[in-house]
Structures are given as C-alpha cells and as structure tokens.
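When we follow the UniProt record's numbering, the leftmost residue of the sequence shown carries the number 1, and every step to the right adds one. Every residue gets a Cβ at the ideal spot worked out from N, C-alpha and C, and that includes glycine. First the structure, in the form of structure tokens, and then the observations on it.
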Amino acid sequence: MIRMETPEEEQDFLYYQKNCNHVEIKDLTEILRYISFYDAILTVKQCTESNKEEFVQIEKQTKKKIFDLIVLPKLEILETEISNEELIPIITDLRKEWEKTIYIFSNLYKPNEVLFLGKEREYTLAINRVLYSEMPESRRKTLILRLLQDMKNHNKNTYQLFYYSKQNPWSSANLNEENLESKKYFISFLEEWKMDPEFDPEKLTSLKEFQSCLEEIPNTNQKIRILGFFGFFSDYGRFTTKDQTNFSKSNQTRVRYIRQTLFRSHHFHQRLENVLTSCKNSIQSIKEL
Numbered sequence: 001m002i003r004m005e006t007p008e009e010e011q012d013f014l015y016y017q018k019n020c021n022h023v024e025i026k027d028l029t030e031i032l033r034y035i036s037f038y039d040a041i042l043t044v045k046q047c048t049e050s051n052k053e054e055f056v057q058i059e060k061q062t063k064k065k066i067f068d069l070i071v072l073p074k075l076e077i078l079e080t081e082i083s084n085e086e087l088i089p090i091i092t093d094l095r096k097e098w099e100k101t102i103y104i105f106s107n108l109y110k111p112n113e114v115l116f117l118g119k120e121r122e123y124t125l126a127i128n129r130v131l132y133s134e135m136p137e138s139r140r141k142t143l144i145l146r147l148l149q150d151m152k153n154h155n156k157n158t159y160q161l162f163y164y165s166k167q168n169p170w171s172s173a174n175l176n177e178e179n180l181e182s183k184k185y186f187i188s189f190l191e192e193w194k195m196d197p198e199f200d201p202e203k204l205t206s207l208k209e210f211q212s213c214l215e216e217i218p219n220t221n222q223k224i225r226i227l228g229f230f231g232f233f234s235d236y237g238r239f240t241t242k243d244q245t246n247f248s249k250s251n252q253t254r255v256r257y258i259r260q261t262l263f264r265s266h267h268f269h270q271r272l273e274n275v276l277t278s279c280k281n282s283i284q285s286i287k288e289l
C-alpha cells in the first residue's frame, strides 16, 4: 500500500499542476501520482520551471517513469551461470526469501510505503546487479549474504508491524469493525475486476473463489484479521475505473493498458493464488475450532 499524501502535499501538487502549461505533462502526472506521488510532484514542479523547448523531454521522461514503475523487473537468477558452487545454496535461500517478499509479505497492510512495489523492485534490481556485475567472488558472497539478511529483516518487521499494530485505514476502534470495513473494501474491487474487460478471463474462477471465501469469514472472529489482504488490493486496485472516470480520453487509454499489464503480470497471478490459499486456510482453521 502507498502512504496517503498529506493535505499539504496534495495542496503543493495542485498548485504546481495548475501552473504547469503543458496539457500532456499534466495528464501524465495524474497517472503518475497513483504510482509515486513524490515523482508526480517533482514532475509538475519541473514543468512550472521549464520552457517550451524542455517540455518534450519532460514528457518522454514521465512516460518512461510510469512504464518503469508499473513493471516489476524479472529476477535473473540462472543457476547454470553461477560458477562459484559455494554460492549456490545461498542463492537458493535468496530466491526463497525474494519470493516471500514479492508474493506474501507484500499482501499485508503497510501504511508507510511511498512507491508502488518499491521494496520489491529495489530488491529485485539489487539481486540482479550483485549476481552479474564484475567483482571478486568474495565480495559477491558478502553482498548476497547482506541482501539475504536485509530481506529477512524487512519481512520480519513487516509482519511484526502488521501483527502487533492495531493501525488500519479506517481508524476502526475494534477488530469487528475493521474486518467489516476490510471485507466491504475488498469485495468492491473483486466485483469491479470481474466486470473489467482488461482482466484475464482465465483468472475469473480464482476471483470468484476468493470472494466466496471472504464472505464466509465471520466479521466477529477474533482470530482472523482480514486486513492481511490489504496490500494486494491496494496495489492492484489503484487504477479502478470508478475512480478515474474524469480522466481525459488519452489517460483512460493509458490506464486500460496499465490495468492489463498488472492483471497479466506474474506477481499478480502469484499473489492472487497466495491470498486465496491464505483465505481458505483461515476458513479451515475456523471449522477445526
């Protein structure tokens, strides 16, 4: 989940956008703000400080920024290309921890994120860079171990923040209220995705299963915190059609492309399967009580 901007930050954005004299750049920042609000502010601020000759370059940079930020880089771990056998078991552990980071812990409620898939992208790029950059093997091993430990610490902190904190997006006073609001929020996205022409038809069954599972969880159950799925819906639900009906035609076309890209990504499919499995496990645990 991306942290909500403060009223002051929103005011700054609107001020710079009003004074940006390039329609296309203003349009693009309307999309960029859903992915990285701070990049959007910097872009419209740059627009207000630039001349006409510089607008073309800013527009190109903004389009590239949007594309770069919605696409999660591919993890380039190729065991056949690892010459140092000592690294193989460490890299196996690294891949497993990366998968937990991308597909599991990213689904939790995290109130302080400032960039879409920020940590996930950061770790992926860092792993690729360390594995395939020219350096002494001893140095490579040190950096891989450091990355592995950093991911473990990040995942542990993410879990503890979620598990021990009562913080939630609706400031609900108790778990019953929080679960009720969470369920309504999640199901609203599922209902929209089922009707979205950009959604992968092959995944509709999983969506319907997930909705049925969510509806089966009692809001009053004190052992299940439905907010554990919030990160998943927050990440992929930011480009909903109902929230962006006032977009320009060109922006609506861009948003359709973005939704298609996200819905067909490996990380969306894997995370959907994980939240569905987690939901089913929760139902099973209730039945066994």
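At which residues does the alpha helix (DSSP H) containing residue i begin and terminate?
| i | result |
| --- | --- |
| Ile70 | Lys52 to Ile70 |
| Cys213 | Leu204 to Glu216 |
| Thr253 | Lys249 to Phe263 |
| Gly231 | Phe230 to Tyr236 |
| Trp98 | Ile88 to Tyr103 |
| Ile226 | Counting along the chain, Ile226 falls outside any alpha helix (DSSP H), and DSSP gives it neither H nor E. |
Using the Cβ count rule (16 or more neighbours within 10 Å means buried), how would you classify residue i?
| i | result |
| --- | --- |
| Asn107 | buried |
| Met1 | Any answer about Met1 is weak, because its pLDDT of 46 lies below 50 and its placement is not dependable; what the coordinates show is given next. The residue is buried, with at least 16 neighbouring Cβ atoms inside 10 Å. |
| Ser165 | exposed |
Note down the Cα distance separating residue i from residue j, rounded to an integer number of angstroms.
| i | j | result |
| --- | --- | --- |
| Ala40 | Gly237 | 19 Å |
| Gln160 | Lys223 | 16 Å |
| Ala173 | Phe37 | 29 Å |
| Tyr16 | Thr92 | 47 Å |
| Leu69 | Asn112 | 18 Å |
| Trp193 | Phe199 | 6 Å |
| Asp196 | Arg256 | 10 Å |
| Gln284 | Ile66 | 41 Å |
| Phe268 | Asn153 | 24 Å |
| Phe55 | Thr240 | 29 Å |
Hey, out of the options, whose CA is closest to residue i's CA?
| i | options | result |
| --- | --- | --- |
| Ile217 | Glu178, Phe37, Ile35 and Phe263 | Glu178 |
| Glu191 | Phe116, Leu207 and Gln11 | Leu207 |
| Ile127 | Glu9, Thr142 and Thr205 | Thr142 |
| Thr124 | Trp170, His269, Gln260 and Glu97 | Glu97 |
| Cys279 | Thr43, Arg256 and Phe229 | Phe229 |
| Leu214 | Ser182, Leu94, Asp196 and Leu32 | Ser182 |
| Ile35 | Glu288, Arg259 and Gln284 | Arg259 |
| Thr48 | Val23, Asn155, Ile66 and Val71 | Val23 |
| Pro201 | Asn281, Glu9, Glu273 and Phe263 | Phe263 |
| Glu137 | Thr253, Glu9, Asp150 and Glu85 | Glu85 |
| Lys74 | Arg129, Ile88, Ser50 and Glu53 | Arg129 |
| Arg139 | Glu209, Leu87 and Gly118 | Leu87 |
Helix, strand or coil: how does DSSP classify residue i here?
| i | result |
| --- | --- |
| Glu191 | helix |
| Glu198 | coil |
| Glu49 | coil |
| Glu76 | coil |
| Glu5 | coil |
| Glu134 | coil |
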